[in-house]
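Residue numbers (the UniProt record's numbering), protein chains in the order written: chain A, 1 to 251; chain B, 1 to 251.
These notes are about the structure you will find just below.
2 protein chains.
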Amino acid sequence: MLSKNQSKLLRSLQRKKNRQEQGLFLVEGGKIVSELLESGWPLHSLYVSDDFAAAQAVALAGSGVPVTYCSSDELAAAGTLVSNRDAIAIVRMPGSTVPEISPGQWVLALDRVNDPGNLGTLLRIADWYGIRQLVCTTDTVDLYNPKVINASMGSFLRIAVTYLDLHDWLARLPAETEVLGAYLNGNSVHQLPGSLRGGVLLMGSEAHGVDAGLEPFVTRRITIPSFGGAESLNVAVATAVICDNLRRISS
Amino acid sequence: MLSKNQSKLLRSLQRKKNRQEQGLFLVEGGKIVSELLESGWPLHSLYVSDDFAAAQAVALAGSGVPVTYCSSDELAAAGTLVSNRDAIAIVRMPGSTVPEISPGQWVLALDRVNDPGNLGTLLRIADWYGIRQLVCTTDTVDLYNPKVINASMGSFLRIAVTYLDLHDWLARLPAETEVLGAYLNGNSVHQLPGSLRGGVLLMGSEAHGVDAGLEPFVTRRITIPSFGGAESLNVAVATAVICDNLRRISS
């Protein structure tokens, strides 16, 4: 059963301010908590149903953190997912580092993506396409928002996310770094040169596009050709299409 | 000002049963209602703010349907979008036809897509890639759900959607029709033959994939190559990536 203090802690972590003060965030759902237990991420505590505890007995015993057994109703009430009847983990935030770009790797850079579902989906897309690093402006939605973590379907475990001043970061990159910027009037992603081998993929918000102040750093303006009437694609959808083209030309 | 009966009608159309009984649905937001007025779709009635009425005076006068002037607060309260301060249209559902496949055209077929945001995003993607027809199983989420209409960003105006028995429909297609099925273990979309020139793109639900009963109709199993750790892509994201590859090889 959950104590009053535990309920209070779980609830408090739904707010960004509290997450930042405590350096903790929530991971909800049986499948993703199982994945988390395998991953070796630093945990704070675990809240699990009897069924989950039975299925994951070895992993729970090896986790080295306090485990609280709860009813499914308690779990559904304590978290943000009413469908979660299995497990919640309170997880320690990893430290943040400023990413360097390894040869042959792409870094995804997001300029003001505000929708938590979009950021979660973007993590999943980056993970699918083997992108390990994501940088974003400090006004991008919080990675540790439960909606982001849930939409990422576990991909947050495999992507390093850094909040920073994109202008400063781009200015400090080696001069030869390729920076692809997504625009509505760039060169077709279907005609990208096969010589592209990593760099930065810069995506703007749906509402505002790439900030004009970042444009001087863009080495190549790219665009997804349109064949119909829609004015734009969702930023996550557009990122997936571009990543698919980048992988196609280099594989 | 909204009458009691008008408020009641607007609210009632948030439910599928009422929409189907009345043959009416809601379109919300200034931008999309403006687009609707231009499109010539059959309307039932319009509910607009004074600002919207001033900006769209000519279109409103030409619409030939009753226009009710409301405060922005009334509009926000009457619809499903609290951010909508401008306009709501009550629109007549178009008749449904069973689509035939024209040479060189792709039809998007959806097997049990349940999330309204996904269906709306899929309409926007189909529209971007010039796909004019979408067919879906009768247990797919309702096209006229306000969340679908809102997520489609106006693309519902340009795509004919038909709910039908996919098995029956696929069985009646001409024998030479290409039916691409999206699977996790098909041939790479990066190696599609350039000779593909239209047919059916069949996408399953995220949870269940393409129904096994539909597999005999699939002429080509396709897959999006993965380069990382994510187990799957969202169905809308996957559809966009496949459509992009189909357009790339034929343009």
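We treat Cβ as the ideally placed atom computed from N, Cα and C, and that holds for glycine.
Using three-state DSSP, classify residue i as helix, strand or coil.
i                     : result
residue 185 (chain A) : strand
residue 133 (chain A) : strand
residue 156 (chain A) : helix
residue 190 (chain B) : helix
residue 138 (chain A) : coil
residue 215 (chain A) : helix
residue 239 (chain B) : helix
residue 227 (chain A) : coil
residue 18 (chain A)  : helix
residue 33 (chain B)  : helix
residue 249 (chain A) : helix
residue 75 (chain A)  : helix
residue 60 (chain B)  : helix
residue 124 (chain B) : helix
residue 13 (chain A)  : coil
residue 149 (chain A) : helix
residue 170 (chain B) : helix
residue 175 (chain B) : coil
residue 234 (chain B) : coil
residue 102 (chain B) : coil
So, is residue i buried or exposed, given that buried needs 16 or more other C-beta atoms within 10 angstroms?
i                     : result
residue 152 (chain B) : buried
residue 1 (chain B)   : exposed
residue 155 (chain A) : buried
residue 184 (chain B) : exposed
residue 127 (chain B) : buried
residue 103 (chain B) : exposed
residue 248 (chain A) : buried
residue 82 (chain B)  : exposed
residue 172 (chain B) : exposed
residue 20 (chain B)  : exposed
residue 95 (chain A)  : exposed
residue 97 (chain B)  : exposed
residue 74 (chain B)  : buried
residue 135 (chain B) : buried
residue 219 (chain B) : exposed
residue 71 (chain A)  : exposed
residue 39 (chain B)  : exposed
residue 54 (chain B)  : exposed
residue 99 (chain B)  : buried
residue 116 (chain B) : buried
In whole angstroms, give me the CA-to-CA distance for residue i and residue j.
i                     : j                     : result
residue 15 (chain B)  : residue 29 (chain A)  : 30 Å
residue 26 (chain B)  : residue 233 (chain A) : 23 Å
residue 165 (chain A) : residue 112 (chain A) : 11 Å
residue 194 (chain A) : residue 139 (chain B) : 43 Å
residue 125 (chain A) : residue 236 (chain A) : 8 Å
residue 79 (chain B)  : residue 62 (chain A)  : 51 Å
residue 34 (chain A)  : residue 86 (chain A)  : 10 Å
residue 23 (chain A)  : residue 7 (chain A)   : 17 Å
residue 240 (chain B) : residue 121 (chain B) : 10 Å
residue 41 (chain B)  : residue 60 (chain B)  : 13 Å
residue 4 (chain A)   : residue 11 (chain A)  : 11 Å
residue 176 (chain B) : residue 187 (chain B) : 20 Å
residue 207 (chain B) : residue 238 (chain B) : 14 Å
residue 67 (chain A)  : residue 31 (chain B)  : 51 Å
residue 211 (chain A) : residue 48 (chain B)  : 33 Å
residue 58 (chain A)  : residue 146 (chain A) : 27 Å
residue 18 (chain B)  : residue 144 (chain B) : 11 Å
residue 225 (chain B) : residue 150 (chain A) : 24 Å
residue 37 (chain B)  : residue 148 (chain A) : 37 Å
residue 229 (chain A) : residue 141 (chain B) : 23 Å
residue 205 (chain B) : residue 84 (chain A)  : 21 Å
Pull up the CB-CB distance for residue i and residue j, whole angstroms please, since I reckon it's below 8 Å.
i                     : j                     : result
residue 92 (chain B)  : residue 43 (chain B)  : 7 Å
residue 132 (chain B) : residue 109 (chain B) : Residue 132 (chain B) to residue 109 (chain B), Cβ: 13 Å. No contact.
residue 89 (chain A)  : residue 123 (chain A) : Actually they do not touch by this definition, with Cβ atoms about 17 Å apart.
residue 167 (chain B) : residue 202 (chain B) : Not really, about 11 Å apart at Cβ, beyond 8 Å.
residue 242 (chain B) : residue 181 (chain B) : Not confirmed; about 10 Å, so no contact.
residue 170 (chain B) : residue 179 (chain B) : 7 Å
residue 130 (chain B) : residue 227 (chain A) : 3 Å
residue 196 (chain A) : residue 251 (chain A) : Not really, about 12 Å apart at Cβ, beyond 8 Å.
residue 266 (chain A) : residue 189 (chain A) : Residue coverage of chain A in this structure runs from 1 to 251, which leaves residue 266 (chain A) outside it and unanswerable.
residue 106 (chain B) : residue 199 (chain B) : 6 Å
So if DSSP puts residue i in a beta bridge, which residue, or which two residues, is it bridged to?
i                     : result
residue 202 (chain B) : B:109 and B:181
residue 220 (chain B) : B:180
residue 65 (chain B)  : Its beta-bridge partners do not exist; DSSP assigns none.
residue 28 (chain B)  : B:88
residue 117 (chain B) : Looking at the DSSP assignment, residue 117 (chain B) forms no beta bridge with any residue, so it has no partner.
residue 45 (chain A)  : A:90
residue 162 (chain B) : B:135
residue 209 (chain B) : B:205
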